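Shown next, in structure tokens, is the structure this report addresses.
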Amino acid sequence: MKVIKHSFDGVIVGAGGAGLRAAIEAAPHMKLAVITKLYPTRSHTGAAQGGMSAALANVEEDNWNWHAFDTVKGSDYLADQPAVDILCKEAIDSVVELEHWGLPFSRLENGKIAQRRFGGHTVKEGEAPAFRACYAADRTGHMILQTLYQKCVSMGVTFFDEFQVLDIKIDDGVCKGVIAYEVATGDIHIFEARAVTFATGGFGKIYKVSSNAHSLTGDGPGILYQKGIPLEDMEFYQFHPTGIYRLGILLSEAARGEGGILRNKDGERFMERYAPSIKDLAPRDMVSRAIATEISEGNGAGPNNDFVYLDLTHLGAETIKQKLPDITDFVRTYVKIEPINDPIPVQPTAHYAMGGIPTDVNAKVLSDETGTVLPGVYSAGESACVSVHGANRLGTNSLLDIVVFGKRAGQSMVDYVSSTKPMTLSDNAAEDLTNKIENLMEKDHSLEFSVPRIREELQDTMEENAKIFRTEESLEKQTEILSDLRDRYQNVTISDKGKVFNTELLEAIELEYLLDMSDTTVASALHRKESRGAHSRVDHVERDDKNWLKHSFAFKNGDSVKLEYKDVELGNYEPKERKY
Amino acid sequence: MDVKVNILRYNPETDRKGHWEEYILEADPDERILDLLHKVKWFDDGSLAFRRSCAHGVCGSDAMVVNGENMLACQVLVKEVSTPIKIEPIRGLPVIKDLVVNMDSFFDSYKKVMPYLINDGEPGERERLQSPEDRDRFEDTTKCILCAACTTSCPVFWTADTYVGPAAIVNAHRFVFDSRDNASKQRLEILKDVDGAFRCRTAFNCTSACPRGIQVTKAIEDVKRETLTIN
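Protein chains in written order, with this note's numbering: chain A, 651 to 1230; chain B, 272 to 502.
This is the structure:
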């Protein structure tokens, strides 16, 4: 295998919103490379739709403290409150900065950035839904991704497109660089770099029905987990209430922010029963649970009673065209329904990982539950867990998270690089990876051990046993299934033995990350004997602040998972019963 | 139902030139063309190469030629195309393997038109103001996902790959008509050049090909007209 060596001060892995925002901060101050397995503009930030919250108060009175209150309450009090304060306070400047860089926000008549309602965002600590989400029609993520990439192009940032990072080199607890695979050639590249940021996004592909891209396989968290770094709060996975039935394609909460209503088979607006004050704009965990409950009680629509309707028919053609053009196009394209005239079949879809690589508020990766910093390694965006989202993220706060903490990751890289000397890696630094690849290439192919077979079984069973409602029984069953899948993965084989664009090889490596993500999700969920936010235990239905107001840290322990815990950092808001 | 699919295969490590391979696949009429490609890759021939990511028409990875027309494989359903379904790589860019082309020159052309907001003025502490009407002038071209379906459907681009192509002009349009930008003149100078907007012969292939529904030919015409305002 051909091995090529590069020398940089800093490397950013991933070129979605968080990676690009970090790059803008770091590039002027160091020799920097951004490495992405896709082209930057293919990143899944571009699929985000509804908006990015900031208390600009362009439509009505607002302040960032109310945003912080909503975020903490939305998190079911698991978010670290000092981090939430940073998120909500820095939101305002972050939005303004994006506008200055050219982001084409939708506008109010007075020329200011338009803002809309979104789930769980309120004024005056719960009084009424707030107009807080800054948006560009229903393609806000697309605009953020494009704007950040455009800014990087203007700055001449160095990109390695379609290079997939597959290993990090940490010697004596210090970061020395990463190893990447060039998709077009099969060549191996050693990148010396003493500062490395992982901004690789989520891992929604552990589930069958997901809003996530095929590429979202938990690469960053997987690479670090295999090196002994723990993953935080993995039991908290968000299911978005409105995925297109069966396909899982996201239909933004903005649809309900603009007045859309969820209805069961009888046409009843069932959210009135579950969240009397803000109804359809309750946070996602509550709405997804409500839908799952309606379905299990026989109130679902369709021949199998397994979906509900998102009804936009009363909004009028003009509002739909102006404010929700993309999602209504998805409905027309994939299910051939005209949303102006007919309600849309929806079901909850796997959407967002609240958990991930543990970091402090400066995006520094933590190597244990006591807060030990891993020098030179950073993470931001969905791959990281700060934690600002706790047990349940509010809509719009992920686009905010990527710019606020992406910037902080970039700043931390600058601080670290300016106070340390370059690291070197030996010419055989890629040996672990080349051995792994050669091993995969040499084995004879057998269908039984093919990547799609193992992956399909993984996704089907995670969907069945570790989705919205969980029990000890379902989680224990899934633990056994995962152990069996792990055994089969040891023999995984591929049929493509070529060097050029061998994506089958990469899918095989990604499958190991998916198994890691599933193991940690299920183990953390099994251990947490309470219900909080997105984690709903049918056998432990109450939230238990006395025993469980803490973050989980899942460590790799041979083939099993070891759990440790850390107390939540509280602040202005004492945990209270969460009602809407 | 069984569907016959023909895919133009090319592996640079074993083939001197491309060849058609036929697959008979069990498919649901509501499935996407991308789902068919996955069936081949996952359950028949793992070496089939194509790009894909979001699978719902927003990331721009999987532009290809299906039955002679450029489209995103994830955006078209089996029931919407005639059979046998013929799938080839987009044209005018070098093929790397199977349905994967080298996009370097495409992105180079994009970068040529300075696709970023240029305004040296002091923006102030809050957002710049922009009326909804001014915002609307470039709404259509903000939708571009850089999938290359337009550029690689253009007959001028096929014969002259020095032409910047529709996608680059769309991205210039997005800034030329943005009231906050003040580098229109520089961009229009580039687009007045021999390889710029005036190479367009208004074939409208680009407009038909755009998976985002952008009025690409109209955007090119807007840009041509605007170049007449500079000296």
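Heads up, the beta-carbon is just placed ideally off N, CA and C, and yes, glycines get one too.
What you are looking at is a predicted structure, and each value in this text was computed from that prediction instead of being measured.
Query raised in the report: Is the beta carbon of aspartate 961/A sitting closer than 7 Å to the one on arginine 913/A?
Result: Here the question's residue 961/A lines up with position 311 in the first sequence. Here the question's residue 913/A lines up with position 263 in the first sequence. Cβ distance < 7 Å, so aspartate 961/A and arginine 913/A count as in contact.
Query - Helix, strand or coil at cysteine 477/B [DSSP, three-state] - result: The residue given as residue 477/B occupies position 206 in the second sequence. When DSSP states are grouped into helix, strand and coil, cysteine 477/B belongs to the helix group.
Query raised in the report: Would you say glutamate 293/B and valine 349/B are within 7 Å of each other, going by their C-beta atoms?
Result: Within the second sequence, the letter at position 22 stands for residue 293/B. Within the second sequence, the letter at position 78 stands for residue 349/B. Cβ atoms of glutamate 293/B and valine 349/B: not closer than 7 Å.
Query raised in the report: At which residues does the beta strand (DSSP E) containing glycine 436/B begin and terminate?
Result: Your numbering for residue 436/B matches position 165 in the second sequence. For glycine 436/B, there is no enclosing beta strand (DSSP E); the enclosing alpha helix (DSSP H) covers residues 436-447.
Query raised in the report: What separation, rounded to the nearest whole angstrom, lies between the Cα atoms of threonine 422/B and alanine 431/B?
Result: Here residue 422/B refers to the residue found at position 151 when the second sequence is read from its first residue. Here residue 431/B refers to the residue found at position 160 when the second sequence is read from its first residue. Threonine 422/B and alanine 431/B: Cα-Cα distance of roughly 11 Å.
Report task. Please report how far the alpha carbon of glutamate 947/A lies from the alpha carbon of aspartate 956/A, in whole angstroms. Result -> For the purposes of this step, residue 947/A is identified with residue 297 of the first sequence, where counting begins at 1. For the purposes of this step, residue 956/A is identified with residue 306 of the first sequence, where counting begins at 1. The straight-line gap from Cα to Cα measures roughly 10 Å.
Query raised in the report: In terms of residues, what are the limits of the beta strand (DSSP E) holding alanine 1000/A?
Result: For this step, residue 1000/A is matched to residue 350 along the first sequence. Taken as a continuous stretch (DSSP letters only), the beta strand (DSSP E) holding alanine 1000/A covers 994-1003.
Requested in this report: Measure from the C-beta of lysine 368/B to each C-beta in chain A and report whether the shortest distance is under 7 Å.
Outcome: In the second sequence, counting from the first residue as 1, residue 368/B sits at position 97. Yes, lysine 368/B counts as interfacial toward chain A.
Query raised in the report: In three-state DSSP terms, what is glutamine 765/A?
Result: Residue mapping note: residue 765/A aligns to position 115 of the first sequence, counting from 1. In this structure, glutamine 765/A counts as strand in the three-state DSSP scheme.
Requested in this report: Any chance you could list the beta strand (DSSP E) runs of at least 3 consecutive residues sitting entirely within the region 908-973 of chain A, in chain order?
Outcome: Segments of the beta strand (DSSP E) lying fully in the region 908-973 of chain A: 911-913, 958-961.
Query - DSSP three-state assignment for serine 332/B, whether helix, strand or coil - result: Taking the second sequence and counting its residues from 1, the one referred to as residue 332/B is at position 61. It is coil, neither helix nor strand.
Requested in this report: Using the DSSP secondary-structure output, state which residues sit across from proline 779/A in a beta bridge.
Outcome: Taking the first residue of the first sequence as position 1, residue 779/A is located at position 129. Paired residues: Thr772/A.
**Report entry** Proximity to leucine 522/B [Cα-Cα], best of Asp315/B, Trp291/B, Glu497/B
**Finding:** Shown here, chain B extends from 272 to 502; a query on residue 522/B therefore has no answer.
**Report entry** Contact set for leucine 688/A: own chain, Cβ-Cβ below 8 Å, skip 5 residues either direction
**Finding:** In the first sequence, residue 688/A corresponds to position 38, counting from 1. Its chain contains Ala665, Asp811, Glu812, Ser865 as the residues whose beta carbon lies nearer than 8 Å to that of leucine 688/A, once the 5 sequence neighbours on both sides are disregarded; these appear in chain order.
Requested in this report: Run through the region 337-415 of chain B for me and flag every whole alpha helix (DSSP H) of 4 or more residues, listed as ranges in chain order.
Outcome: Under the rule that a run must span 4 or more residues, the alpha helix (DSSP H) segments found entirely inside the region 337-415 of chain B read 375-383, 403-407.
Requested in this report: Output yes or no for whether 7 Å exceeds the beta carbon distance between proline 1025/A and isoleucine 941/A.
Outcome: For the purposes of this step, residue 1025/A is taken as the residue at position 375 of the first sequence. For the purposes of this step, residue 941/A is taken as the residue at position 291 of the first sequence. Pairing proline 1025/A with isoleucine 941/A gives a Cβ-Cβ distance that is not under 7 Å.
Query raised in the report: Since leucine 459/B meets chain A, which of its residues come closer than 9 Å, beta carbon to beta carbon?
Result: As a working note, residue 459/B is residue 188 in the second sequence. Here the premise fails: no neighbours, minimum Cβ distance about 18 Å.
Query raised in the report: Using DSSP with H/G/I as helix, E/B as strand and the rest coil, what is tryptophan 291/B?
Result: To locate residue 291/B, count along the second sequence from 1; it is residue 20. For tryptophan 291/B, the secondary structure class from DSSP, reduced to helix, strand or coil, is strand.
Query raised in the report: Three or more C-beta pairs closer than 8 Å, one from the region 1051-1067 of chain A and one from the region 670-683 of chain A: is that the case here?
Result: Enough Cβ pairs lie closer than 8 Å, so yes.
Requested in this report: Please list, in chain order, all residues of the same chain as glutamate 1122/A whose beta carbon is under 6 Å from its beta carbon, the five residues on each side excluded.
Outcome: Locating residue 1122/A in the first sequence gives position 472, counting from the first residue. Within the same chain, and ignoring the five residues on either side of glutamate 1122/A in sequence, the residues whose Cβ sits closer than 6 Å to its Cβ are Asp1189.
Query raised in the report: Which residue spans inside the region 666-753 of chain A form an unbroken beta strand (DSSP E) run of at least 3?
Result: Here the runs fully enclosed are 682-686.
Query raised in the report: DSSP beta-bridge partners for glutamate 1214/A?
Result: Taking the first residue of the first sequence as position 1, residue 1214/A is located at position 564. Answer is Phe1203/A, bridged to glutamate 1214/A.
Query raised in the report: Which one of Ile485/B, Val276/B, Phe448/B has the shortest CA to CA distance from proline 754/A?
Result: Residue numbering aside, residue 754/A sits at position 104 when the first sequence is read from its first letter. The option with the nearest alpha carbon to proline 754/A is Phe448/B.
Query raised in the report: CB-CB under 7 Å to lysine 456/B, same chain, minus the five flanking residues each way: which ones, in chain order?
Result: Counting from 1 along the second sequence, the entry for residue 456/B is found at position 185. These residues qualify, in order along the chain: Ile501.
**Report entry** Residue range of the alpha helix (DSSP H) that includes phenylalanine 1055/A
**Finding:** Within the first sequence, numbered from 1, the residue matching residue 1055/A stands at position 405. Taken as a continuous stretch (DSSP letters only), the alpha helix (DSSP H) holding phenylalanine 1055/A covers 1047-1068.
Query raised in the report: Under the DSSP definition of a beta bridge, which residues are partnered with glutamine 814/A?
Result: Taking the first residue of the first sequence as position 1, residue 814/A is located at position 164. DSSP lists Tyr831/A as the bridge partner or partners of glutamine 814/A.
Query - Pair within 7 Å by beta-carbon distance, asparagine 341/B and cysteine 425/B - result: Walking along the second sequence from the start, residue 341/B turns up at place 70. Walking along the second sequence from the start, residue 425/B turns up at place 154. No, Cβ-Cβ distance for asparagine 341/B and cysteine 425/B is not below 7 Å.
Query raised in the report: threonine 354/B to leucine 1090/A, Cα distance in whole Å?
Result: For the purposes of this step, residue 354/B is taken as the residue at position 83 of the second sequence. For the purposes of this step, residue 1090/A is taken as the residue at position 440 of the first sequence. Their backbone Cα atoms lie some 37 Å apart in a straight line.
Query raised in the report: Name the residues in the region 315-341 of chain B whose C-beta lies less than 9 Å from a C-beta of chain A; which are they?
Result: Under the 9 Å Cβ criterion, the region 315-341 of chain B contributes Asp316, Gly317, Ser318, Leu319, Ala320, Phe321, Arg322, Arg323, Ser324, Cys325, Ala326, His327, Gly328, Val329, Cys330, Gly331, Ser332.
Query - Residue span of the beta strand (DSSP E) that contains isoleucine 654/A, given as start and end - result: For the purposes of this step, residue 654/A is taken as the residue at position 4 of the first sequence. For isoleucine 654/A, the uninterrupted beta strand (DSSP E) segment begins and ends at 653-657.
Query raised in the report: Exposed or buried, what is isoleucine 295/B when buried is set at 16 or more other beta-carbons lying within 10 Å of its beta-carbon?
Result: Taking the first residue of the second sequence as position 1, residue 295/B is located at position 24. By the neighbour-count rule (16 or more Cβ atoms within 10 Å), isoleucine 295/B is not buried but exposed.
Query raised in the report: Okay, do the region 1072-1085 of chain A and the region 653-664 of chain A touch, 3+ Cβ pairs below 8 Å being the bar?
Result: Contact between the region 1072-1085 of chain A and the region 653-664 of chain A is present, because at least three Cβ pairs lie under 8 Å.
**Report entry** Contact between the region 714-724 of chain A and the region 1197-1214 of chain A (3+ Cβ pairs under 8 Å)
**Finding:** The region 714-724 of chain A, when compared against the region 1197-1214 of chain A, does not touch it at the 8 Å Cβ threshold.
Requested in this report: For arginine 757/A, go through chain B and note every residue whose CB falls closer than 7 Å to its CB, in chain order.
Outcome: The residue given as residue 757/A occupies position 107 in the first sequence. The contacting residues are Gln401, Ser402, Pro403, Arg406.
Requested in this report: May I ask which residues mark the beginning and end of the beta strand (DSSP E) holding isoleucine 278/B?
Outcome: Translated into positions along the second sequence, residue 278/B becomes position 7. Unbroken beta strand (DSSP E) run through isoleucine 278/B: 273-280.
Requested in this report: Could you list which residues in chain A have their beta carbon closer than 9 Å to that of leucine 388/B, in chain order?
Outcome: Within the second sequence, the letter at position 117 stands for residue 388/B. For leucine 388/B, the C-beta contacts it makes with chain A under 9 Å involve His750, Trp751, Gly752, Leu753, Thr797, Gln800, Lys801, Ser804, in order along the chain.
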